[in-house]
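Here's the structure, in structure tokens; my notes come after.
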Amino acid sequence: MRKIKNILIIAVLTSASALTAQPLRHEFSLNAGGGISTLNYKPVAGKAALGFGGFAGMGYLFRFNEHWGLATGLEVALFNGKYSIASLSDQYMSNDGEEDFEFYYTVSNYRDRQQAILLNIPLMLHFQTGKFYAALGGKAGIPLSAKFNNSMDKLTASGKFASGEFTLNNPRFMGFGEFTNLSNKGNLTLKTALFASAEAGIRWRLSNNIVLSTGLYVDYGVNNIRPPVTAPLIAYAFNADYQPNSLVTSTNANKPFIDKLNPIAVGIKIGIVFGAPTDKASKATPDSVAVAPVAVASEVVAPKAVAPVVVVPETKLWIETTKKPQITEEPRLAEQKRVEEPRVVEEPRLAEQKRVEEPRITEKTRLVGQKRVETQRLTEEQRQYAIAREIIRMYVDGYSLNGTALSASQKFELDGKAALLLEFYPKGPIVIEGHACNIGIHSINVMIGRKRAENVKNYLIKKGIAANRMTVVSKAEREPIVTNTSEANRKKNRRVMVRIE
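This is the structure in structure tokens:
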């Protein structure tokens, strides 16, 4: 804002100097106006409303002659846009950190406001006859600032997973459920606007070289200034930290929410013009006084301080008027300081998906307890069978909070169990139990435990274990092996156990 003030101060000083220093072919002006000043676009759904704004700035007009001239200057213009929709739904493929799923969302009463400040540089052909004037040309609008501010009453989010063919409508810690009163604000990166411009009005003389200008103006943006589209309106947030994007930079059904964005302004313009030439009727001076003809026979006494006398033979005497010398002052153009304002190119703040889960492979030290039996009563073969059974029963743990996929270390453990099953227990039923920690609701934990067990079953099938031997069971959070008082303990409770029946 400080730079904008500096521009206006320079405009005032430059225009003031024109009062005394500039010849009549150079005009300077201070202008302001307002009316409809909107960021125009057509969304795929919902309603876009007109915005209101205005401009202020300075102008310079170089006159070629009495009627024609070339106008330029600097203007700081404000544009606004409004959008609203009662309900909107969309779906797209996303990832929860371990597997892809189809993300569904519905928003209620979504509202989005956009605001842009442009530095306009006009170049227009100016025409004037009497009090009436008109101008036609174009403007270049450099973005100084562009922002959005949005809100919604409610967001409903859910996910459909291909493995297991189930849909999660909760829990909230996975980003599913209902969320209310969400909002977001940030910056937009608009492109430079090109306008086709026109204005017309009336000039009212206030003094010799000062004129009040009133009229109407139209600025129509001819190019698309929309920023790049990079994300859906609602980006999936695993930790439920939802921050809605602006529709200007969003997609719907994998297509841009708006196809084109162009600024349009229509309104009333008022200006004070310095250095304007007087009207043609007022250009007569006391020097140009005509004297009525008289007969040659009459004695003529020439008036004082008049032009030389010309005698027409035997008829009339005329006093030839003298023309006022044309002012030929050396033109002086006031140097305008160019205040370059860096274009605001902050990238719109997009909501990054925070992936909480990190692959953590914790090495476990397990002690294989051998039952205290009388070794003298066991044959070597029976001892091997007992040890194999205990190794197979050792649980596979180390899952993340909602993780179900097998890590490399977990697959390595299952490779050993599969080899022992094929060698020592090639027949007989097998039960695979899936467990979860105590975080989350029971129904979700049941699904997570079942999915962990099914993934283990599918892996053992690949290793040669018959599918009809294995039964999958979910214990959810009901059978912890340690208390759920720390994250380390909860990781131990998130496990899968293979039991030989």
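Numbering (the numbering used here), first residue to last: 60 to 560.
Yeah, the Cβ is synthetic: ideal placement off N, Cα and C, and Gly gets one too.
- For Q443, there is no enclosing beta strand (DSSP E); the residue is part of the alpha helix (DSSP H) that begins and ends at E439 to R452.
- Considering only I540, N504 and I498, the residue with the shortest C-alpha distance to V455 is I540.
- Our two residues, F87 and A324, have alpha carbons roughly 23 angstroms apart in a direct line.
- Annotation: the continuous beta strand (DSSP E) that includes E161 extends over D159 to T188.
- Leaving aside the five residues that flank N243 on each side, the residues in its chain whose CB is nearer than 6 angstroms to its CB run, in chain order, N209, Q302 and P303.
- Rounded to the nearest whole angstrom, the CA to CA distance from V288 to F138 is 21 angstroms.
- Sequence-distant partners of E134 (beyond 5 residues in either direction) whose C-beta falls short of 6 angstroms from its own C-beta, in its chain, are F114, G116 and N179.
- When rounded, the separation of the alpha-carbon atoms in I520 and G508 is 19 angstroms.
- Beta-bridge annotation (DSSP): H494 is paired with A535.
- With a contact defined as Cβ atoms closer than 8 angstroms, I329 and A91 qualify at about 6 angstroms.
- In this structure, DSSP gives D278 an extended state, which the three-state scheme calls strand.
- A residue is called buried when at least 16 other Cβ atoms come within 10 angstroms of its Cβ; A194 meets this threshold and is buried.
- In the three-state scheme derived from DSSP, where H, G and I count as helix and E and B as strand, T308 is classed as helix.
- Note on geometry: alpha-carbon atoms of V103 and Y295 lie some 21 angstroms from one another.
- DSSP, read as helix, strand or coil, puts F297 in coil.
- Beta-bridge annotation (DSSP): G234 is not paired with any residue.
- Only residues of its own chain outside the window of five on either side were considered, and among them K522 have a CB closer than 8 angstroms to the CB of D474, listed in chain order.
- If you draw a straight line from the Cα of N548 to the Cα of G487, it is about 33 angstroms long.
- A distance of 8 angstroms or more separates the beta carbons of Y276 and K219.
- G280 and L184 have their C-alpha atoms some 18 angstroms from each other.
- Taken through DSSP and simplified to helix, strand or coil, F123 comes out as coil.
- Taking the Cβ atoms as the reference, G274 lies roughly 6 angstroms from A259, within the contact range of under 8 angstroms.
- Per the C-alpha coordinates, the member of N311, E449 and L292 positioned closest to S305 is L292.
- Rounded to whole angstroms, the separation of the alpha carbons of I269 and Q187 is 16 angstroms.
- Here DSSP, grouped into helix, strand and coil, assigns E258 to strand.
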